[in-house]
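Below you'll find the structure, written out as structure tokens, and then a few comments.
Protein chains in written order, with our numbering: chain A, -17 to 161; chain B, 736 to 921.
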């Protein structure tokens, strides 16, 4: 194996801790699929062997948010369901990332009506938006690679900032609503 | 398909049947809402329309003067003969009430709950008219034509407002009607 051969010759590798941790994180995403609508069919085809999300290390769905660090919101989110999605996000352990899968999750799509949340970024922070109704599997893989690039560029403490900003926005929204 | 059923209903209820037609194979009878339950019971017990298919309402906003605003529509089917019939009843906005069919078909329960939360039609005798699809905090009746198309009632405080970034001319007209269709109505 290439890596062991090199290690035998040099016995150590030099890298930055941040780079190494990010590298490990981006190839071992534990996903929580929050699937609510027809985009789920397309999500299944990404997960299945033909397109195979496992090649990117994100194949293992955890069906409790407490064991996941990668939330995929697949499909339309209604106002009735919004509290559930927010709770699921808050239950996940940091560091955590969110992909908005499909146009309904990203902007509400053509459901411009009384029932639908006009984009999940009104409820939780989002890292990558994948457009399409539904998106092609290639677009999903591209979105995941974009997320991996983003994770690779992260610095320690970035997640605290994201979460602090989210909590500040949330408390401002709660204050505004109670007024 | 079932013209004779319509004829029988007309024969039995006479004045209570205000209008019938059989266009495109769908036999329809419009009845007065006082006779709603009686006609439905007659259709089930005597005419054999034993399957409750659908119940909903139609909002005819901006209808000509004097006509009630809503219309409750009931679809029935006979399991033995396969025939269908459609019953309608007009319901005014000032007193949107009609008899519940839950005692005839248990399956009518959720249809009437949905019709109640979406159109505000009160079904007398319904055991439990709580909202079925909407959340309890929701105010108003979203499928009425005068419910604003861009009105939102978020259940939790949102991080950002849901206002549209690109307002359309549709928003400026009352009731959210699309001005492109206003000529047709006149």
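For every residue, glycine included, the Cβ atom is placed at its ideal position computed from N, Cα and C.
Cβ neighbours of residue i in the same chain (closer than 8 angstroms, five flanking residues each side left out)
i, result
"residue 921 (chain B)", "Confidence in residue 921 (chain B) is poor, its pLDDT being 40 and thus under 50, which makes the residue's placement too unreliable to answer from."
"residue 840 (chain B)", "779, 787"
"residue 949 (chain B)", "Nothing in the structure corresponds to residue 949 (chain B), since chain B is present only between 736 and 921."
"residue 867 (chain B)", "845, 848, 849, 852"
"residue 62 (chain A)", "97"
"residue 843 (chain B)", "787, 790, 835, 836, 837"
"residue 162 (chain A)", "In the structure as shown, chain A starts at -17 and stops at 161, and residue 162 (chain A) therefore has no counterpart that could be examined."
"residue 105 (chain A)", "59, 64, 67, 68, 71, 99"
"residue 803 (chain B)", "825, 826, 827, 828"
Cα-Cα separation between residue i and residue j, rounded to whole angstroms
i, j, result
"residue 749 (chain B)", "residue 770 (chain B)", "11 angstroms"
"residue 69 (chain A)", "residue 129 (chain A)", "23 angstroms"
"residue 35 (chain A)", "residue 882 (chain B)", "44 angstroms"
"residue 91 (chain A)", "residue 120 (chain A)", "20 angstroms"
"residue 8 (chain A)", "residue 142 (chain A)", "18 angstroms"
"residue 157 (chain A)", "residue 893 (chain B)", "11 angstroms"
"residue 25 (chain A)", "residue 854 (chain B)", "36 angstroms"
"residue 85 (chain A)", "residue 891 (chain B)", "22 angstroms"
"residue 154 (chain A)", "residue 809 (chain B)", "48 angstroms"
"residue 123 (chain A)", "residue 140 (chain A)", "24 angstroms"
"residue 10 (chain A)", "residue 117 (chain A)", "23 angstroms"
"residue 135 (chain A)", "residue 77 (chain A)", "14 angstroms"
"residue 752 (chain B)", "residue 744 (chain B)", "8 angstroms"
"residue 782 (chain B)", "residue 754 (chain B)", "19 angstroms"
"residue 864 (chain B)", "residue 100 (chain A)", "29 angstroms"
"residue 75 (chain A)", "residue 14 (chain A)", "12 angstroms"
"residue 18 (chain A)", "residue 59 (chain A)", "7 angstroms"
"residue 859 (chain B)", "residue 758 (chain B)", "31 angstroms"
"residue 756 (chain B)", "residue 42 (chain A)", "59 angstroms"
"residue 152 (chain A)", "residue 73 (chain A)", "15 angstroms"
"residue 767 (chain B)", "residue 879 (chain B)", "22 angstroms"
"residue 54 (chain A)", "residue 29 (chain A)", "12 angstroms"
"residue 794 (chain B)", "residue 66 (chain A)", "33 angstroms"
"residue 873 (chain B)", "residue 895 (chain B)", "20 angstroms"
"residue 800 (chain B)", "residue 64 (chain A)", "42 angstroms"
"residue 165 (chain A)", "residue 869 (chain B)", "There is simply no residue 165 (chain A) to check, as chain A begins at -17 and stops at 161 in what is shown."
"residue 871 (chain B)", "residue 39 (chain A)", "42 angstroms"
"residue 48 (chain A)", "residue 138 (chain A)", "21 angstroms"
"residue 127 (chain A)", "residue 150 (chain A)", "29 angstroms"
"residue 739 (chain B)", "residue 772 (chain B)", "20 angstroms"
"residue 911 (chain B)", "residue 797 (chain B)", "Residue confidence is low: residue 911 (chain B) scores 49 on pLDDT, short of 50, so the model does not pin down where it sits. Its coordinate-derived value is still stated next. Roughly 13 angstroms separates the two Cα atoms."
"residue 93 (chain A)", "residue 747 (chain B)", "46 angstroms"
"residue 775 (chain B)", "residue 20 (chain A)", "37 angstroms"
"residue -2 (chain A)", "residue 131 (chain A)", "16 angstroms"
"residue 52 (chain A)", "residue 133 (chain A)", "12 angstroms"
"residue -4 (chain A)", "residue 115 (chain A)", "45 angstroms"
"residue 6 (chain A)", "residue 109 (chain A)", "18 angstroms"
"residue 50 (chain A)", "residue 876 (chain B)", "39 angstroms"
"residue 1 (chain A)", "residue 37 (chain A)", "20 angstroms"
"residue 916 (chain B)", "residue 815 (chain B)", "Note that residue 916 (chain B) scores 49 on pLDDT, short of 50, meaning its location in the model is unreliable; the coordinates nonetheless yield the value given after this. Each residue's Cα considered, the two are about 44 angstroms apart."
"residue 166 (chain A)", "residue 862 (chain B)", "What the structure shows of chain A is the stretch from -17 to 161, and residue 166 (chain A) is not part of that stretch, so it cannot be assessed."
"residue 884 (chain B)", "residue 95 (chain A)", "6 angstroms"
Cβ shell of residue i (< 6 angstroms), same chain only, five flanking positions each side left out
i, result
"residue 784 (chain B)", "778, 811, 813, 820"
Closer than 6 angstroms: residue i CB and nearest the ligand SAH heavy atom
i, result
"residue 147 (chain A)", "Ligands are entirely absent from the displayed structure, and the ligand SAH is therefore not among its contents."
Neighbourhood of residue i by C-beta distance below 7 angstroms, restricted to the same chain and skipping five residues each side
i, result
"residue 856 (chain B)", "792, 805, 807, 826, 831, 833, 850"
"residue 22 (chain A)", "56, 57"
"residue 107 (chain A)", "80, 144, 148"
"residue 33 (chain A)", "27, 119, 123"
"residue 111 (chain A)", "82, 88"
"residue 16 (chain A)", "53, 54, 55, 56, 67, 70"
"residue 125 (chain A)", "81, 110, 112"
- Taking a cut of 9 angstroms between CB atoms, which residues from the region 101 to 121 of chain A lie near chain B? If the cut-off is 9 angstroms between Cβ atoms, the region 101 to 121 of chain A has 101, 103, 104, 105, 106, 107 near chain B.
- Quick one: complete beta strand (DSSP E) runs, 3+ long, within the region 776 to 811 of chain B? Runs found: 786 to 794.
- Item | Three-pair Cβ contact test at 8 angstroms for the region 761 to 776 of chain B versus the region 817 to 826 of chain B | Three or more beta-carbon pairs drawn from the region 761 to 776 of chain B and the region 817 to 826 of chain B are found closer than 8 angstroms, and the two stretches are therefore classed as touching.
- Interface positions of the region 127 to 157 of chain A facing chain C (Cβ-Cβ less than 8 angstroms), listed along the chain: Absent here is chain C; the protein component of the structure consists of chains A and B.
- Compile a chain-ordered list of the residues in the region 31 to 54 of chain A whose CB is closer than 7 angstroms to at least one CB of chain B. Hits within the stretch: zero.
- Closer than 7 angstroms, Cβ to any Cβ of chain B: which residues of the region 70 to 89 of chain A, in chain order? The residues in question: there are none.
- Item | Unbroken stretches of the beta strand (DSSP E), 3 residues or longer, contained in the region 5 to 90 of chain A | Listed in chain order, the complete beta strand (DSSP E) runs (minimum 3 residues) inside the region 5 to 90 of chain A are 13 to 17, 52 to 56, 79 to 83.
- Message: For a minimum of 4 consecutive residues, which ranges assigned as the alpha helix (DSSP H) are wholly contained in the region 842 to 897 of chain B?
- Response: As for any alpha helix (DSSP H) of minimum length 4 sitting wholly inside the region 842 to 897 of chain B, the runs are 843 to 854, ordered along the chain.
- Task: Give, in chain order, every residue of the region 56 to 67 of chain A whose Cβ lies closer than 8 angstroms to some Cβ of chain B.
- Result: Of all residues in the region 56 to 67 of chain A, 61, 62, 64, 65 have a Cβ within less than 8 angstroms of some Cβ in chain B.
- Can you list, in chain order, the residues of the region 884 to 895 of chain B whose Cβ is nearer than 9 angstroms to any Cβ on chain A? Cβ contacts with chain A: 884, 885, 886, 887, 888, 889, 890, 891, 892, 893, 894, 895.
- Query: Enumerated in chain order, which unbroken segments of the alpha helix (DSSP H) with a length of 4 residues or greater are wholly contained in the region 742 to 776 of chain B?
  - Reply: The region 742 to 776 of chain B contains no whole alpha helix (DSSP H) run of 4 or more residues.
- Task: Identify each residue in the region 861 to 873 of chain B for which the Cβ-Cβ distance to at least one residue of chain A is less than 9 angstroms, and report them in chain order.
- Result: Flagged, chain order: 868, 869, 870, 873.
- Please list the residues of the region 786 to 801 of chain B that have a C-beta atom closer than 7 angstroms to any C-beta atom in chain A, keeping them in chain order. Flagged: no residues at all.
- Task: May I ask you to list, following chain order, the residues of the region 829 to 859 of chain B that have a beta carbon less than 9 angstroms from some beta carbon of chain A?
- Result: For the region 829 to 859 of chain B, no residue has a beta-carbon sitting nearer than 9 angstroms to a beta-carbon of chain A.
- Would you mind listing the beta strand (DSSP E) stretches within the region 90 to 151 of chain A that are 3+ residues and don't spill past its ends, in chain order? Runs of the beta strand (DSSP E) inside the region 90 to 151 of chain A: 110 to 112.
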